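The structure appears below as structure tokens.
Number of protein chains: 2
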Amino acid sequence: MGRLVMKFGGTSVADVERIRNVARHVEREVKAGHEVAVVVSAMSGQTDRLVNWCREAAAVHDAREYDAVVASGEQITAGLLAIVLQEIGIPARSWQGWQVPVLTDGVHGAARIADINAEEIKKRLEQGQVAVMAGFQGIGPDKRITTLGRGGSDTSAVALAAALEARCDIYTDVDGVYTSDPRIVDKARKLSRISYEEMLELASLGAKVLQTRSVELGMVYRVPLQVRSSFEAPDSPNQNREDGTGPGTLVCEEEQIVEQQVVSGIAYSKDEAQVSLRRVKDKPGVSASIFGPLAEAEISVDMIVQNISADGDTANLTFTLANKDLKRALDVLERERAKIGFQEMSHATGGAKVSVIGIGMRSHAGVAAKMFKALSDRGINIRAITTSEIKISVLIDAAYTELAVRALHTAYGLDAT
Amino acid sequence: MGRLVMKFGGTSVADVERIRNVARHVEREVKAGHEVAVVVSAMSGQTDRLVNWCREAAAVHDAREYDAVVASGEQITAGLLAIVLQEIGIPARSWQGWQVPVLTDGVHGAARIADINAEEIKKRLEQGQVAVMAGFQGIGPDKRITTLGRGGSDTSAVALAAALEARCDIYTDVDGVYTSDPRIVDKARKLSRISYEEMLELASLGAKVLQTRSVELGMVYRVPLQVRSSFEAPDSPNQNREDGTGPGTLVCEEEQIVEQQVVSGIAYSKDEAQVSLRRVKDKPGVSASIFGPLAEAEISVDMIVQNISADGDTANLTFTLANKDLKRALDVLERERAKIGFQEMSHATGGAKVSVIGIGMRSHAGVAAKMFKALSDRGINIRAITTSEIKISVLIDAAYTELAVRALHTAYGLDAT
Chain A
1 MGRLVMKFGG TSVADVERIR NVARHVEREV KAGHEVAVVV SAMSGQTDRL
51 VNWCREAAAV HDAREYDAVV ASGEQITAGL LAIVLQEIGI PARSWQGWQV
101 PVLTDGVHGA ARIADINAEE IKKRLEQGQV AVMAGFQGIG PDKRITTLGR
151 GGSDTSAVAL AAALEARCDI YTDVDGVYTS DPRIVDKARK LSRISYEEML
201 ELASLGAKVL QTRSVELGMV YRVPLQVRSS FEAPDSPNQN REDGTGPGTL
251 VCEEEQIVEQ QVVSGIAYSK DEAQVSLRRV KDKPGVSASI FGPLAEAEIS
301 VDMIVQNISA DGDTANLTFT LANKDLKRAL DVLERERAKI GFQEMSHATG
351 GAKVSVIGIG MRSHAGVAAK MFKALSDRGI NIRAITTSEI KISVLIDAAY
401 TELAVRALHT AYGLDAT
Chain G
1 MGRLVMKFGG TSVADVERIR NVARHVEREV KAGHEVAVVV SAMSGQTDRL
51 VNWCREAAAV HDAREYDAVV ASGEQITAGL LAIVLQEIGI PARSWQGWQV
101 PVLTDGVHGA ARIADINAEE IKKRLEQGQV AVMAGFQGIG PDKRITTLGR
151 GGSDTSAVAL AAALEARCDI YTDVDGVYTS DPRIVDKARK LSRISYEEML
201 ELASLGAKVL QTRSVELGMV YRVPLQVRSS FEAPDSPNQN REDGTGPGTL
251 VCEEEQIVEQ QVVSGIAYSK DEAQVSLRRV KDKPGVSASI FGPLAEAEIS
301 VDMIVQNISA DGDTANLTFT LANKDLKRAL DVLERERAKI GFQEMSHATG
351 GAKVSVIGIG MRSHAGVAAK MFKALSDRGI NIRAITTSEI KISVLIDAAY
401 TELAVRALHT AYGLDAT
């Protein structure tokens, strides 16, 4: 049994009826003997409305006031869930970030949790009271409300689980983590387990299942995370299996995954634009002179590939970014041309990044070769390649995305039988 | 100049556009050299939505959770107004009840303010920062959010003004206090000044201009209160007159009212039911045996008239209450009949209470006689009479309400010329 943090996102608490459904999930875990803390997001649509009001008030606005306004969404859900729990006979109380307190740094709008003082909550859990904590928020050194940035409720939940030494179940509108996007890969399978590292790569690649920072936190504090569906019936016989064969996907340490796959999943992101700088002076500081100004312009750069050029003295450099940022990026680079010292700049849109992820590739040779062959067999040209310890990404023509993802899914033996 | 608390209600902050209008009122006062604190209600409609969610969650719900949910409405307005003020160049920050802190007792849902520690706000005001405080809320001894009950933002404003030793301007959707209801009395005049005591009587009689408790607080702490319109243009030349001849009505001490009228206003409330108990045993404790059980049943009793009966040994007792409570009241009294010991009970609906209010009647004879004559001249029968030091109320047939109010308005010389 032990302690359990359950986290429910915006669509799971969209109205009072759904909040009642959430209460039944909580009831099940309480009856199974757990000490339960719940972390909730704002009712879906609520945060957007609050954000829009702030924008209507002023295009550029004080992040501290934004936080005070926007944090109210989670406060409402927490109170309502506590009421509904009490109604079905479960002792419960709501906790706002400042009440716990969830201490954060002072970066309003995108704060990081520094510490959670969960002593009072721990005491209440032991007395059988369910704690319902408003996610996404804390209190800064200035004693004002801070928010963690969009999706921050996952992070709140994992941080609370770390403070309570609890496991953490993230209830979402999907029932787990899949080997690939089921919308384009019919044969995608739900993974029963996945390592933190792999989940982190998937999250950074845009899989919306978990927020990147929550996975990082889970990894650092070794919080077992389970991704599961809030829409599966709360009393389904599937629900109470904690061995990783249950209804969701367990994100855990590598060692806990018995049958390690070489590759666990295939991810993709379309909408990649590509910029190539040719014959860049190959001297210290040149990368900084390129990516510094882009960062200042708040342009996120994704893949970066640098290679020596044919003449041997200069380098060729390619990077990708979101299509929408391309025009601004080109302007920035043109402005900095003299400082950077490149001879040619070219660009292309319509790219897609396809990645294979797997902790097993650390110890297996030939993973990359299998990828390149599978793509080549389908006549798919590779524009750029980057690798990390547990991921290989290639940039291809976006038109081939689905074909490539399905081919790789089959090639690495991920297809459901 | 000096310190000023400005309070804006729900309709004055109904959307961001109206909040911008409020900001212009604040700007005017800042430019006039005031140190300004603002107290805001929730955007109109917002509180109802939050209350309905709580009711949907559970018909009977934890008042502490209700408070946490409902207090979010004012929190949102305070943040938005701070943003809008900053946008027009006025330094401002929002304050939630727990941040100030506004300390209250622990009666969730209907808390009373115990103390406001306004030191930090005072410091900031002196530095030129406008404080925007969320009304209607505070923090209880349990460190949880408390709300003051409906309309509590007026009370928040007056309490803050008391703590800041400031005057308090209550901006509302009417432009002041009138001698009577302008909807039925064409010749009703706006009063430039009214005493706390008179305002208190008017508020208890259902004039919705100010909440009763806010007037009480203002009286106790001698906070000059001004009722004025938030819909008059912020830059109207009328706005900056502080001598009581300005656009609103000043609620102040009797001594500050130079030309004291004998009667300041005529109020009425329809919807009065009447219960009469005849030949009640005239012994100590009999009133308690009647009104105790009614209070327990949460039935508010309004006028109470007791008189000796014809036989001299027993009393006759009449009281009024809202029509909707009549049936329940009769049931309660029937149940308690033996304990109370009355011989006959009768009742009537369709009554109206008409009151003349005036601090001047303390020192003037004949005020009551004038009232009775004016009513008698119009053939209006009086069912019951109660008096206080500064008020005479009569119960009449509701059909004659408008006629009676207009007749009295004329009789006491209140008609506008």
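Chain order of the listed sequences is A and G.
Per my numbering, the very first residue in the first sequence carries number 1; after that it's consecutive.
Per my numbering, the very first residue in the second sequence carries number 1; after that it's consecutive.
Virtual Cβ for every residue (Gly too), placed ideally from N, Cα, C.
Keep in mind that this is a model prediction, so the values were computed, not measured.
Taking the Cβ atoms as the reference, residue 3 of chain A lies roughly 4 Å from residue 166 of chain A, within the contact range of under 8 Å. Within the same chain, Cβ atoms closer than 8 Å to the Cβ of residue 226 of chain A are found at 167, 168, 169, 170, 246, 248, 249, 250, 251, the five residues on either side in sequence being excluded. For the options A:6, A:283, A:387, the alpha carbon positioned closest to that of residue 34 of chain A is the one of A:6.
Of the residues G:90, G:172, G:77, G:21, the one whose Cα lies closest to the Cα of residue 30 of chain G is G:90. Residue 96 of chain A belongs to the set of residues whose beta carbon lies under 8 Å from a beta carbon in chain G. Sixteen is the threshold: when 16 or more other Cβ atoms of the shown chains lie within 10 Å of the Cβ of residue 314 of chain G, as they do, the residue is buried. The closest CA to that of residue 97 of chain A, considering only A:88, A:112, A:83, A:84, is found on A:112. At a cut-off of 8 Å between beta-carbon atoms, residue 76 of chain A makes contact with chain G. According to DSSP, residue pairing for residue 358 of chain G in a beta bridge does not occur.
Residue-level contact check: residue 310 of chain G does not touch chain A, since none of the beta carbons of chain A fall below 8 Å from its beta carbon.
DSSP places residue 344 of chain G within a strand segment (E or B) once states are collapsed to three.
When only Cα atoms are considered, residue 135 of chain G and residue 39 of chain G end up about 5 Å apart. Per DSSP, residue 257 of chain A lies in no alpha helix (DSSP H) segment and is marked neither H nor E.
Residue state for residue 99 of chain A is assigned as coil, using DSSP reduced to three classes. Within the same chain, Cβ atoms closer than 7 Å to the Cβ of residue 400 of chain G are found at 380, the five residues on either side in sequence being excluded.
Around the beta carbon of residue 228 of chain G, 16 or more other beta carbons sit within 10 angstroms, so the residue counts as buried. Looking at the backbone, the Cα of residue 84 of chain A and that of residue 159 of chain A are separated by about 25 Å.
Shown here for residue 162 of chain A: same chain residues with a beta carbon closer than 7 Å to its own, the five before and five after excluded, namely 217, 221, 223 in chain order. By the Cβ criterion, the region 193 to 207 of chain G is in contact with the region 385 to 392 of chain G, since at least three pairs of Cβ atoms, one from each stretch, lie closer than 8 Å. When the beta-carbon positions are compared, residue 275 of chain G and residue 319 of chain G come within less than 8 Å of each other. The distance from the Cβ of residue 73 of chain G to that of residue 102 of chain G is about 16 Å, inconsistent with a contact at the 8 Å cut-off.
Counting only runs of 4+ residues, no alpha helix (DSSP H) is found wholly inside the region 158 to 200 of chain A. DSSP, reduced to helix, strand and coil, places residue 391 of chain G within a strand of the structure shown. The beta carbons of residue 384 of chain G and residue 303 of chain G sit about 6 Å from each other, so the pair counts as a contact at 8 Å. Residue 109 of chain A carries a coil assignment under DSSP once its states are collapsed to helix, strand and coil. Counting only residues of its own chain and dropping the five nearest sequence neighbours on each side, residue 106 of chain A has a CB closer than 8 Å to the CB of 140, 141, 142, 146.
Here residue 149 of chain A is near residue 110 of chain A, since their CB atoms are less than 8 Å apart. Close to residue 84 of chain A, with beta-carbon spacing below 8 Å, are these residues of chain G in chain order: 57, 58. Counting the other CB atoms within 10 Å of its CB gives residue 364 of chain G a total below 16, which places it among the exposed residues. Taking the Cα of residue 154 of chain G as reference, the smallest distance to any Cα among G:214, G:205, G:32, G:60 is reached at G:214. Rounded to whole angstroms, the Cβ separation of residue 133 of chain A and residue 95 of chain A is 5 Å, and the two are in contact under 8 Å. Annotation for residue 324 of chain A: no beta strand (DSSP E) segment contains it, and DSSP assigns it neither H nor E. Taking 8 Å as the CB threshold, residue 99 of chain G lines the interface with chain A. Here DSSP, grouped into helix, strand and coil, assigns residue 417 of chain A to coil. 61, 62, 64, 65, 66, 67, 68, 69, 70, 71, 72, 73, 75: these are the residues of the region 61 to 75 of chain A whose beta carbon lies less than 9 Å from some beta carbon of chain G, given in chain order.
Residue 60 of chain G counts as exposed, since fewer than 16 other beta carbons sit within 10 angstroms of its beta carbon.
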